[in-house]
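Visitor: This structure is in structure tokens; I'll ask about it shortly.
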Amino acid sequence: MLINKCVFRKYRFLSLFFKNEKGGILLPFIALLPMFSGLLFLSFEISQFLQKKAKLSDAIEQATLALTVENNSIPDANQSQKNIDLVTHYATAYLPSEKFSTPIIDISNNKGHLLYKAETTMSYPAQFLANNPLANTKISMADSGAARKDVPVGPSELTDVVFVVDYSGSMNGSFDSAGGTTKIDALRNIFHRLNSHILKNDNINTIGFIPFSWGTKTIVGTGSQSTTYCHFPYAPIKHKSAGDYLRQYTASNLKQFLAPENYHLVDNIGYGELGNRNNRRNYLKIKDEISHHKSSLANEFMLKTHYINKNFIISNILISNIDYDKTIDLMSKKYKAIDIPIDDILDGNICLSSSTAYSLEFNKVSDNSITESLSIEPTGLTLVSSGILAANNLFKEANDKNKKLMIVLSDGIDSGTTTTFDKGGNIISIDDYIKNDEDKKPYRITKNLIDKGMCEAIADNQIRMVFIAIGYTPETNVKSPTYIDWEKCVGKDNFYQAKDAHELEADLQQVLGGGNIRDVGRNTPKH
Numbered sequence: 001m002l003i004n005k006c007v008f009r010k011y012r013f014l015s016l017f018f019k020n021e022k023g024g025i026l027l028p029f030i031a032l033l034p035m036f037s038g039l040l041f042l043s044f045e046i047s048q049f050l051q052k053k054a055k056l057s058d059a060i061e062q063a064t065l066a067l068t069v070e071n072n073s074i075p076d077a078n079q080s081q082k083n084i085d086l087v088t089h090y091a092t093a094y095l096p097s098e099k100f101s102t103p104i105i106d107i108s109n110n111k112g113h114l115l116y117k118a119e120t121t122m123s124y125p126a127q128f129l130a131n132n133p134l135a136n137t138k139i140s141m142a143d144s145g146a147a148r149k150d151v152p153v154g155p156s157e158l159t160d161v162v163f164v165v166d167y168s169g170s171m172n173g174s175f176d177s178a179g180g181t182t183k184i185d186a187l188r189n190i191f192h193r194l195n196s197h198i199l200k201n202d203n204i205n206t207i208g209f210i211p212f213s214w215g216t217k218t219i220v221g222t223g224s225q226s227t228t229y230c231h232f233p234y235a236p237i238k239h240k241s242a243g244d245y246l247r248q249y250t251a252s253n254l255k256q257f258l259a260p261e262n263y264h265l266v267d268n269i270g271y272g273e274l275g276n277r278n279n280r281r282n283y284l285k286i287k288d289e290i291s292h293h294k295s296s297l298a299n300e301f302m303l304k305t306h307y308i309n310k311n312f313i314i315s316n317i318l319i320s321n322i323d324y325d326k327t328i329d330l331m332s333k334k335y336k337a338i339d340i341p342i343d344d345i346l347d348g349n350i351c352l353s354s355s356t357a358y359s360l361e362f363n364k365v366s367d368n369s370i371t372e373s374l375s376i377e378p379t380g381l382t383l384v385s386s387g388i389l390a391a392n393n394l395f396k397e398a399n400d401k402n403k404k405l406m407i408v409l410s411d412g413i414d415s416g417t418t419t420t421f422d423k424g425g426n427i428i429s430i431d432d433y434i435k436n437d438e439d440k441k442p443y444r445i446t447k448n449l450i451d452k453g454m455c456e457a458i459a460d461n462q463i464r465m466v467f468i469a470i471g472y473t474p475e476t477n478v479k480s481p482t483y484i485d486w487e488k489c490v491g492k493d494n495f496y497q498a499k500d501a502h503e504l505e506a507d508l509q510q511v512l513g514g515g516n517i518r519d520v521g522r523n524t525p526k527h
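For what it's worth, full-length UniProt numbering labels the leading residue of the sequence shown as 1, then goes sequentially.
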């Protein structure tokens, strides 16, 4: 009976609980509370996921654009690793606290453009669902980006190309005073990339690579039968078949101005040795005797012999041998230029004489030979017309029906000759001795040739000449003695000013490929 009462009370209490409607609304809330909490945490997690997803998307798009700047062709193994590091750095910059997989990068070359694709996966721990045993505490998301960049594919017609490259010492400098990559290093990297795609175009026939300083250097013959010359590609007033334009100024040739009893003063003095310290006593005796003759010719000959190892004398002698009018008249014909055995050049600033670089012509031109030539350190002064005329002569030798493209790369104005000889045969400053600008023109070789019609003569030879100013602005003051209007010389569409390595590469590619590719690429829609 007692048990029945307990059971009765229990059911009675339960019945009263259900009949009591106060607070009944709390029951469903209490029942659904875990689900609401889960949804709240899930919404926080989704919000964080979307934020990270957006940042990852921005990062991968920017990284893909960066790839278009760093890669102008299919990358090699070394560049591929740099690309992986680049994409990873971009992702880390946007999401510094997260971890990423090794990016998957694909760069493909289609005709006229490169396609860039990059993909990476990010993993991060769930923050709001981390304590839920039913939830995965690691969240992964992947994103990808794509971009494309137009690249030159080369001319559509057979084209003979000659590169005329400034190899003066200033090419060892950077593009600006801030330092950084040197101009010659930039050129080396650019040609490495050009060799991998543009220059392999079947329509491009590279027939010449001509480095120049104050003159060029050529090698005639092969092996032990070869001879190296300072090639000064101007028509001489009088051609010397032995090339002794400089070697005529030897101490032994001073005998014509000496008394026979003094011949012994020069007997044991070799070419370029009169100015040596151990020959000073003999030189002073020679100078004393010649001064008594009061002959300007003898005095000038003696000074040239004494200073024949100095660039200011060498340049003066060479300039005095140039026939400017004949040079212009013969630009469409073959002529005998001023060729001097390289051993006669005793100053390294002239004709690349202290360098192993030399002109590469026809079958000597190859990817390897250009790379090897560019690896040599530039040195010397600048005379751009020496490279231009050497290239013009090379096109004449080719004598084919191909189009002709001459690309001149220079980083400064010509190195001017500052001294001459007065009527007494003494060395004197040109500016002090010659007051008339017209009379100074012969000492400014390139400017004088341009004024006489060199640019027009090149155009008449059906040669397209392009001038790229590397890291400098040509003189704009028309009254300046160094003023040359290169834009007028080559034509507005053929004149470029490259302020940095990127512009230099873009200009070269545009010249060779015919399209404007100064843009760094653009993103394409994701698929």
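For glycine and all other residues, C-beta sits at the position ideal for the given N, C-alpha and C.
Would the beta-carbon of tyrosine 249 fall within 8 Å of that of lysine 304?
Guide: Between tyrosine 249 and lysine 304, the CB-CB gap stays under 8 Å.
Visitor: For the region 373-391 against the region 431-439, are there 3 or more C-beta pairs whose distance is under 8 Å?
Guide: Touching, no, given that fewer than three Cβ pairs across the two stretches are closer than 8 Å.
Visitor: Out of Leu187, Gly270 and Gln497, state which residue places its alpha-carbon closest to the alpha-carbon of glycine 471.
Guide: Looking at the Cα atoms, Gln497 is the closest of the given residues.
Visitor: For leucine 134, which residues of its own chain have a beta-carbon under 6 Å away from its beta-carbon, when the five flanking residues on both sides are left out?
Guide: A caution first: leucine 134 carries a pLDDT of 49, below 50, which makes its placement in the model too unreliable to give a value.
Visitor: Report the three-state DSSP secondary structure of glycine 169 (helix, strand or coil).
Guide: helix
Visitor: May I ask you to verify whether the region 231-247 touches the region 365-375, counting CB pairs closer than 8 Å and requiring at least 3?
Guide: no
Visitor: Looking only at C-alpha atoms, which of Phe163, Asp422 and Ala142 sits nearest to serine 101?
Guide: Ala142
Visitor: Name the residue from Glu70, Ala63, Tyr283 and Leu65 whose alpha carbon lies nearest to the alpha carbon of histidine 502.
Guide: Of the listed residues, the one whose Cα sits closest to histidine 502 is Glu70.
Visitor: Can you say whether valine 165 is buried or exposed, counting buried as having 16 or more other CB atoms within 10 angstroms of its CB?
Guide: buried
Visitor: DSSP three-state label for histidine 113, please.
Guide: Per DSSP, reduced to three states, the secondary structure at histidine 113 is strand.
Visitor: Could you tell me the boundaries of the beta strand (DSSP E) in which histidine 231 lies?
Guide: 227-232
Visitor: Just to confirm the assignment, what range does the alpha helix (DSSP H) spanning asparagine 205 have?
Guide: No alpha helix (DSSP H) contains asparagine 205, which is instead part of the beta strand (DSSP E) from 204-212.
Visitor: Could you pull the DSSP bridge partners for serine 108 from this structure?
Guide: Leu115
Visitor: For the alpha helix (DSSP H) containing aspartate 343, list its first residue and its last residue.
Guide: Looking at the DSSP string, aspartate 343 is not in any alpha helix (DSSP H), and its letter there is neither H nor E.
Visitor: Can you tell me which of the three DSSP states glutamate 361 falls into?
Guide: strand
Visitor: DSSP three-state label for leucine 134, please.
Guide: Reliability fails at leucine 134, whose pLDDT of 49 lies under 50, so the model's placement of it is uncertain and the value that follows must be treated cautiously. Of the three classes helix, strand and coil, the one that applies to leucine 134 here is coil, per DSSP.
Visitor: Scan the region 244-308 and note each continuous alpha helix (DSSP H) run of 4 residues or more that stays entirely inside, going in chain order.
Guide: 280-293 and 296-306
Visitor: I'd like the span of the alpha helix (DSSP H) that includes methionine 454, first residue to last.
Guide: 454-460
Visitor: Could you give the uninterrupted runs of the beta strand (DSSP E) lying entirely in the region 418-503, keeping only those of 3 residues or more?
Guide: Unbroken beta strand (DSSP E) stretches of 3 residues or longer found wholly inside the region 418-503: 419-421, 427-429, 463-470 and 495-498, given in chain order.
Visitor: Judging by CA-CA distance, which residue of Ser373, Thr524, Ser429 and Asn363 is the nearest neighbour of threonine 356?
Guide: Ser373
Visitor: Is aspartate 507 helix, strand or coil by DSSP?
Guide: helix
Visitor: What whole-angstrom Cβ distance do valine 162 and methionine 406 have, given they're in contact under 8 Å?
Guide: 5 Å
Visitor: State buried or exposed for residue 532, treating a residue as buried only when at least 16 other CB atoms are found within 10 Å of its CB.
Guide: This structure cannot settle anything about residue 532, because the visible part of the chain is limited to 1 through 527.
Visitor: Closer than 7 Å by C-beta to aspartate 485: which residues in its own chain qualify, once you throw out the five before and the five after it? Chain order, please.
Guide: Apart from sequence neighbours up to five positions away, no residue of its chain approaches aspartate 485 with a beta-carbon distance below 7 Å.
Visitor: Let me confirm a value: valine 478 is counted as buried when at least 16 other C-beta atoms fall within 10 Å, else exposed. Which label applies?
Guide: Valine 478 comes out exposed.
Visitor: Is it true that the CB of lysine 287 sits closer than 8 Å to the CB of phenylalanine 302?
Guide: Note that residue 302 corresponds to methionine in the displayed sequence, not to phenylalanine. Contact: yes.
Visitor: Considering only the beta carbon of each residue, do glycine 215 and isoleucine 313 sit closer than 8 Å?
Guide: no
Visitor: What's the gap between the Cα of proline 103 and the Cα of leucine 504?
Guide: 31 Å
Visitor: Report yes or no: do three or more beta-carbon pairs, one from the region 402-416 and one from the region 328-347, lie closer than 8 Å?
Guide: no
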